[in-house]
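Numbering (the numbering used here), first residue to last: 118 to 304. Just so you know, even glycine gets a beta-carbon here, dropped at the ideal spot from N, CA and C. Values in this document were obtained by computation on a predicted structure and should not be read as measured data.
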Amino acid sequence: VQVSFVKPENFADIRDRSAMSLEAANREIYRLLKDGIPVSVPDREHGGQKTERLRVVVDGEVIAETTSGFRVLETAGAPVYYVPPADVRMDRLVASSHGSFCEWKGPAAYYSYVGPRRRIDDVAWSYAAPSRGYERIAGYLAFYAGRVDEAWVGDEQATPQPGEFYGGWVTSRIVGPIKGEPGSFGW
Numbered sequence: 118v119q120v121s122f123v124k125p126e127n128f129a130d131i132r133d134r135s136a137m138s139l140e141a142a143n144r145e146i147y148r149l150l151k152d153g154i155p156v157s158v159p160d161r162e163h164g165g166q167k168t169e170r171l172r173v174v175v176d177g178e179v180i181a182e183t184t185s186g187f188r189v190l191e192t193a194g195a196p197v198y199y200v201p202p203a204d205v206r207m208d209r210l211v212a213s214s215h216g217s218f219c220e221w222k223g224p225a226a227y228y229s230y231v232g233p234r235r236r237i238d239d240v241a242w243s244y245a246a247p248s249r250g251y252e253r254i255a256g257y258l259a260f261y262a263g264r265v266d267e268a269w270v271g272d273e274q275a276t277p278q279p280g281e282f283y284g285g286w287v288t289s290r291i292v293g294p295i296k297g298e299p300g301s302f303g304w
């Protein structure tokens, strides 16, 4: 198994500040970012917020579709959407030898798509036992929008977050710069 690990020395984790008011949390995030300290911010419900309908399509075939997914946000990134395995064509996915480690969510396992016409390596990933605060996405799968033919949030087709490393889905609702764009290295 190949594992890549990147843990910035000065990341601030505000997951344990859930008792803060929204205004206080925003002030704290602004202060940290102003001081050049990257921040990871899970959604208000820690580990994800329920989403509208999500759909993933490869070669004209819907391989994932759900209204029970979760959206997870991180600093300056587009939302990453996690789909319950019951709503994924698991018969089209095989475990990959690739793995990675997220400093917030823990070790991730990857899956490759194997269909009648092609194979797509490392098209999705999942956290079997995510870190505290992200338990709700345990076993759910996230798909790279840039590796599938279509990734939909509601009635809008998403585009991939810039940079091949990131798995966020960009829609018209995203405002502001997104990490992965030119000049965002080190955010």
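Tell me the start and end of each unbroken beta strand (DSSP E) in the segment 170 to 198 that is at least 3 residues and wholly inside, in chain order. 171 to 175, 178 to 183, 187 to 189
Around the C-beta of glycine 300, are 16 or more other C-beta atoms found within 10 angstroms, so that it is buried, or is it exposed? Here residue 300 is taken as the residue at index 183 of the sequence shown, counted from 1. Exposed, because fewer than 16 other Cβ atoms sit within 10 Å of the Cβ of glycine 300.
Which of helix, strand or coil does DSSP assign to isoleucine 291? For the purposes of this step, residue 291 is taken as residue 174 along the sequence shown, with counting starting at 1. Isoleucine 291: coil per DSSP, three-state reduction.
From which residue to which residue does the beta strand (DSSP E) around tryptophan 269 run? The residue labelled residue 269 in the question sits at position 152 within the sequence shown. Tryptophan 269 -> beta strand (DSSP E) spans 267 to 270.
Relative to the alpha-carbon of cysteine 219, which residue among Ser248, Tyr257, Trp286, Gly271 has its alpha-carbon at the smallest distance? Indexing the sequence shown from 1 puts residue 219 at position 102. Among Ser248, Tyr257, Trp286, Gly271, the Cα nearest to that of cysteine 219 is on Ser248.
Which residue wins for smallest C-alpha separation from serine 185, given the options Glu191, Trp286, Lys296, Val270? Position 68 of the sequence shown holds residue 185. Answer by Cα proximity: Val270.
So does the segment 281 to 295 actually touch the segment 199 to 208, counting three or more Cβ pairs closer than 8 Å? no
Which residue wins for smallest C-alpha separation from valine 197, given the options Asp208, Leu258, Gly250, Glu298? The residue labelled residue 197 in the question sits at position 80 within the sequence shown. Among Asp208, Leu258, Gly250, Glu298, the Cα nearest to that of valine 197 is on Leu258.
One question on the structure: do alanine 225 and tyrosine 244 come within less than 8 Å of each other, judged by their Cβ atoms? Indexing the sequence shown from 1 puts residue 225 at position 108. Indexing the sequence shown from 1 puts residue 244 at position 127. Closer than 8 Å, so yes.
Element boundaries [beta strand (DSSP E), containing isoleucine 237]: Against the sequence shown, residue 237 aligns to sequence position 120. Taken as a continuous stretch (DSSP letters only), the beta strand (DSSP E) holding isoleucine 237 covers 236 to 243.
Could you tell me the alpha carbon to alpha carbon distance between arginine 161 and leucine 190, rounded to whole angstroms? Walking along the sequence shown from the start, residue 161 turns up at place 44. Walking along the sequence shown from the start, residue 190 turns up at place 73. Here the model assigns arginine 161 a pLDDT of 42, short of 50, so the residue's position is not dependable and the matter cannot be decided.
Compute the distance between the beta-carbons of arginine 209 and glycine 232, then report whether it is under 8 Å. In the sequence shown, counting from the first residue as 1, residue 209 sits at position 92. In the sequence shown, counting from the first residue as 1, residue 232 sits at position 115. Yes, Cβ-Cβ distance for arginine 209 and glycine 232 is below 8 Å.
Tell me which residues share the same chain as glutamate 169 and place their Cβ nearer than 6 Å to its Cβ, disregarding the 5 neighbours each side in the sequence. One-based indexing of the sequence shown puts residue 169 at position 52. Gly271, listed in sequence order.
Can you give the Cα-Cα distance for threonine 183 and isoleucine 237, rounded to whole angstroms? Sequence index remark: in the sequence shown, residue 183 carries index 66 (1-based). Sequence index remark: in the sequence shown, residue 237 carries index 120 (1-based). In a straight line, the C-alpha of threonine 183 is about 21 Å away from that of isoleucine 237.
Among residues of its own chain, excluding the 5 on either side of tyrosine 228, which ones have a beta-carbon nearer than 8 Å to its beta-carbon? Taking the first residue of the sequence shown as position 1, residue 228 is located at position 111. Hits under 8 Å: Leu210, Val211, Ala212, Ser213, Asp239, Val240, Ala241, Trp242, Ser243, Leu258.
Rounded C-alpha distance that separates alanine 255 from glycine 216: Counting from one through the sequence shown, the residue named residue 255 turns up at place 138. Counting from one through the sequence shown, the residue named residue 216 turns up at place 99. Answer to the nearest angstrom: the Cα atoms are 16 Å apart.
Under a three-way DSSP split, which group does alanine 203 fall into? Mapped onto the sequence shown, residue 203 falls at position 86. Three-state DSSP puts alanine 203 in a helix.
Consider the C-beta atom of valine 211 and the heavy atoms of the ligand NAP; say whether any pair is separated by less than 7 Å. In the structure shown, the ligand NAP is absent, as is every other ligand, since no ligand is present at all.
Work out the CA separation of leucine 171 and arginine 264 for me, nearest whole Å. Indexing the sequence shown from 1 puts residue 264 at position 147. Indexing the sequence shown from 1 puts residue 171 at position 54. Taking the straight line from one Cα to the other gives about 16 Å.
Contact set for glycine 284: own chain, Cβ-Cβ below 6 Å, skip 5 residues either direction: What you label residue 284 is simply residue 167 of the sequence shown in a count that begins at 1. Taken in chain order, the residues that qualify are Val197, Ala259, Tyr261.
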